[in-house]
Structures are given as C-alpha cells and as structure tokens.
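J.: Counted from 1, the sequence shown has number 172 at position 174 by this note's numbering; the numbering is strictly sequential.
All residues carry an ideal CB built from backbone N, CA and C; glycine is no exception.
My structure is below; once you've seen it, I'll send some questions.
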Amino acid sequence: MKAILYAAHGGFDQVSYGDYPTPAAGPDQCLLKVKAVALNGFDPMILNGIPGLKTPMPMIPGGDIAGEIVDIGTNVPSGTFKKGDRVQVVPFQPGIGQMGETLRGGACDYIAVDAKFLLPIPDGVTYEQAAALPIAYGTARRMIMVRGLVKKDEKVLVLGATGGVGTGAVQLAKMAGAYVIACASSAEKCEKLREIGADDTIDTSKEDFVAAIHERYGKPKIWGGGGVDVVVNYIGGETWAKSLKVMTRFGRMLVCGATAGYDPKEDIRYIWSYELSIVGSNAWTAEDQVALMDMVQAGTLIPVIDRVLPLTDFNEGLQALIDRKVFGKVVFIP
Ligand SMILES: NC(=O)c1ccc[n+]([C@@H]2O[C@H](COP(=O)([O-])OP(=O)(O)OC[C@H]3O[C@@H](n4cnc5c(N)ncnc54)[C@H](OP(=O)(O)O)[C@@H]3O)[C@@H](O)[C@H]2O)c1
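Listed below in structure tokens is the structure:
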C-alpha cells in the first residue's frame, strides 16, 4: 500500500509518500480501508521530535482516522461489525498509546485496528467529518464540558482559537450558552471566528489581548467584577502570565497543551489574590467521540474543515499548518 512516512525526526526531507507493507487484520482486529485522515497540531511536533516521547520509525502520521471495514479478525464477536461498515477510530488507547504519536497512524491506504477501538459512524456524518472530530474536538469537548464545566452566560476567552482544538472550543462553549471572545492572528481569521459563533474577537496582530479585555470588559477586581470567567489556554509561553491578568475572581484557566512553550514565566500573586483555578485537561474518551458524532448527526455541530486534500498533497497541508494558514482542520483522502 501507499503511506506517508516519516523516515526519522527532522524536516520535510524526512517525509515521503511511498510503499509500506499492507497490514492484515489480527484475530481481535478489523482491517480498514482508510477513507479520511486529519492533521493535528502535534503532527509537525512529532516530525521534529518531542523530548521524552518515543515514536516508532518509520512513522505513519495521522491520528484522526475514518474508514470502511474490509476484513474482520477471527476473534471479533460475530454481529459486532460487518464488512462495509463505516467506522471512526478511537486513537487514544489508554495503556497502549496514541495513534499518530506513539503508535503508527492512518495516513495510508489500510490500517488494522482492534475492534474495541472502533465506533460506528452515523449515516448523516461524512468520512471527512468523522476524521475531523476525535483528537481536536474530543480534546475541546473534555476541556469545555467535562473538566471546565463551562456554563451559560460565562465569558470564555479562547486564545489561538483558529486551530482544530480552538474552533472546537469556540463552537462547544457557544453550545453551552457562554459568551465567547476568540483570539486570532489576523482580521480575516477573526471574521471566520465570528462566522462560527464567536460573540467578540481580538486580532492579536494588532491588539494586546490583556488590554483589549480590560478595555472592553473591565479590569478584574479582587472582590469580583471585570474580566472573563474562563481562559482556554493551550498556547502557554508568554500568554500564560498575561492570562492570569484577565480572569475575574474565581476564574478558571483551562489548559491542554503549550504550543509556544511549556515552562513559561509565572505570577502566582494573581492565583491567590483572585482565587483562580488552573484546570488541566488531557485527551478525551470514546464517549466524547460518540457524543460529538451524535451532535453532527443532529445538525447541532458542523466541524470546521479548512481544506480536503489528496494524501499525495500531505506536505502542502503540513506546511499550511506550520505557517498558521489553517482555519480548523486539514483532512486528507488516501
Ligand atoms: N492534551 C491533549 O490531549 C491534546 C490533544 C490535542 C491537542 N493538544 C494541544 O492543543 C494545542 C492546539 O492543538 P491544535 O491541533 O488545535 O493545533 P493547531 O491546529 O496547530 O492550532 C494552534 C493554533 O494556535 C495558534 N498558534 C500556533 N502557533 C502559535 C504560537 N507560536 N504562538 C501563539 N499562537 C500560536 C494558531 O492560531 P493563530 O495563528 O490564529 O494565532 C493556531 O491556529 C496544541 O498545543 C496541542 O499540542 C493537546
């Protein structure tokens, strides 16, 4: 079969579209013809190499996978799945690893996956939509709805809101009834954020987000008032200490990553003075994936897909993600 292969950690010179042995379904597995596979913020990080994270080489990237069952292992209970079924993969497999990160991913023609990590795709959900959901929207759902418990009428500030997790966080916070302020690095991206439901936007190429929040919503006061209730911050770096300055008393900072740096400057005075909470959120569960597909089926959520490309154009999608030219998700068709 054909696959995207990372030969070793490094740059684009390590990426190729080449031949790789076609897998067979093991006894507990189903063999899928991959129909769609999506890119995530961590795909370029995996290519670069993440200290402490062991990636099997050659690596096939792509943790978000939707496909059609073409073969079924002998131990898979009869009646569970049949050939031709449309399925979404659960890429985060506790105790085993994560596909596209520590396990090979789905940027290829075929993949064998344990049947227990497959979910049926409802009829009203396309393969492209099913591939766009698990990692970014799953992470956003856990952060906003499970760990962050975002409530109606809360003010939620989403930094770097234009990526997969960010657009998902904007849409899901709106569904929870929150007032959403979304940040992006251009006026064009801000316009798109308003189109998907953001109530207000901050163009961080022109305006400092702390000054903008203070000006528009008031400077937080120790005994309450001003600022926002929740900051969604997976950017880290210099945004971290600044985020502490925009939260109202009892504010919550939701964190699931650190795109711009994981050991930022801290200012703990704000945490005790304003009685702030830092709420970590990691990964998601199969239940999140099912809930998200149900929302798409019901028409209450439309996943934001920036572009759909043939898998042979993998480098184009990866470069666009690195250049911050993507709004939502990039999906590939093998
Ligand atoms: N813990 C978990 O289980 C988990 C799961 C998924 C993702 N994550 C993390 O969540 C984060 C977002 O993932 P994603 O897939 O949504 O990534 P993404 O699609 O690449 O989006 C990241 C967004 O952040 C902004 N950005 C990128 N580089 C930046 C920088 N150096 N400084 C400031 N802003 C920057 C960009 O928006 P603008 O250009 O508009 O500013 C971009 O749209 C990543 O840190 C990822 O590792 C964690």
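Any heavy atom of ligand 1 closer than 6 Å to the CB of residue 254?
T.: yes
J.: Work out the CA separation of residue 105 and residue 16 for me, nearest whole Å.
T.: 11 Å
J.: Indicate whether residue 69 and residue 36 have their beta-carbon atoms separated by less than 7 Å.
T.: no
J.: Roughly how many whole angstroms lie between the Cα atoms of residue 10 and residue 50?
T.: 22 Å
J.: In or out: residue 102 buried (at least 16 other Cβ within 10 Å) or exposed?
T.: buried
J.: Helix, strand or coil: how does DSSP classify residue 10 here?
T.: Note: residue 10 maps to helix in three-state DSSP.
J.: DSSP on residue 322, reduced to helix/strand/coil?
T.: coil
J.: Per DSSP, which one or two residues make a beta bridge with residue 118?
T.: Answer is 85, bridged to residue 118.
J.: Where does residue 276 sit, in a helix, a strand or coil, going by DSSP?
T.: strand
J.: Taking DSSP as the reference, what is the three-state secondary structure of residue 102?
T.: In this structure, residue 102 counts as coil in the three-state DSSP scheme.
J.: Contact between the region 300 to 309 and the region 117 to 131 is defined here as three or more beta-carbon pairs at a separation below 8 Å; is this criterion met?
T.: As far as the Cβ criterion goes, the region 300 to 309 touches the region 117 to 131, which means the pair count is three or higher.
J.: Flag residue 168 as yes when its Cβ comes closer than 6 Å to any non-hydrogen atom of ligand 1, and as no otherwise.
T.: no
J.: I need the straight-line Cα distance from residue 184 to residue 169, nearest angstrom please.
T.: 19 Å
J.: I need the straight-line Cα distance from residue 318 to residue 251, nearest angstrom please.
T.: 29 Å
J.: May I ask you to check if the CB of residue 315 is nearer than 6 Å to at least one heavy atom of ligand 1?
T.: No, ligand 1 has no heavy atom inside 6 Å of this Cβ.
J.: Under a three-way DSSP split, which group does residue 133 fall into?
T.: helix
J.: Considering Cα atoms alone, identify which of 172, 206, 209 and 204 is closest to residue 192.
T.: 172
J.: Check the DSSP bridge columns for residue 173 and list the partner residues they point to.
T.: Residue 173 pairs with nothing; no bridge assigned.
J.: Just to check, is the beta-carbon of residue 232 closer than 6 Å to a non-hydrogen atom of ligand 1?
T.: yes
J.: Might you give, ordered along the chain, the residues of its own chain that have their beta carbon closer than 8 Å to the beta carbon of residue 119, omitting 5 neighbours on each side?
T.: If we look at residue 119 and ignore the five residues flanking it on each side, its Cβ neighbours are 64, 84, 85, 86, 125, 128 and 291.
J.: Here's the rule I'm using: 16 or more other beta-carbon atoms within 10 Å means buried, otherwise exposed. How should residue 3 be labelled?
T.: buried
J.: Starting from residue 209 and walking both ways along the alpha helix (DSSP H), at which residues does that stretch end?
T.: 207 to 215
J.: The beta strand (DSSP E) with residue 31 in it runs from where to where?
T.: 27 to 36
J.: Ligand 1 and residue 328: does any heavy atom of the ligand fall closer than 6 Å to the residue's C-beta?
T.: no
J.: When you measure from the CB of residue 183 to every non-hydrogen atom of ligand 1, does any distance come out below 6 Å?
T.: Yes.
J.: In angstroms, rounded to a whole number, what distance separates the CA positions of residue 194 and residue 73?
T.: 44 Å
J.: Evaluate residue 57 with the Cβ neighbour count: other Cβ atoms within 10 Å of its Cβ, from every protein chain shown; 16 or more gives buried, anything less gives exposed.
T.: buried
J.: What did DSSP end up calling residue 42 once you bin it into helix, strand or coil?
T.: In this structure, residue 42 counts as helix in the three-state DSSP scheme.
J.: Please determine, among 96, 247, 308 and 261, the residue with the shortest C-alpha to C-alpha distance to residue 268.
T.: 247
J.: Could you check how far apart the C-beta atoms of residue 12 and residue 22 are, in whole angstroms? I think they sit under 8 Å.
T.: Residue 12 to residue 22, Cβ: 27 Å. No contact.
J.: Quick one: residues in its chain with C-beta nearer than 8 Å to the C-beta of residue 80, no 5 flanking neighbours on either side, listed in chain order?
T.: 67 and 70
J.: Just to confirm my understanding: we take residue 249, look at its own chain, exclude 5 residues before and 5 after, and list those with CB closer than 8 Å. What are they?
T.: 218, 225, 226, 227, 228, 229, 272, 274 and 275
J.: Return the first residue and the last residue of the beta strand (DSSP E) that residue 94 is part of.
T.: That residue, residue 94, is in no beta strand (DSSP E); it is neither H nor E in DSSP.
J.: Return helix, strand or coil for residue 199, following the three-state DSSP convention.
T.: strand
J.: Starting from the C-beta of residue 190, find all residues in its chain whose C-beta is less than 6 Å away, skip the five residues before and the five after it, and write them out in chain order.
T.: 325
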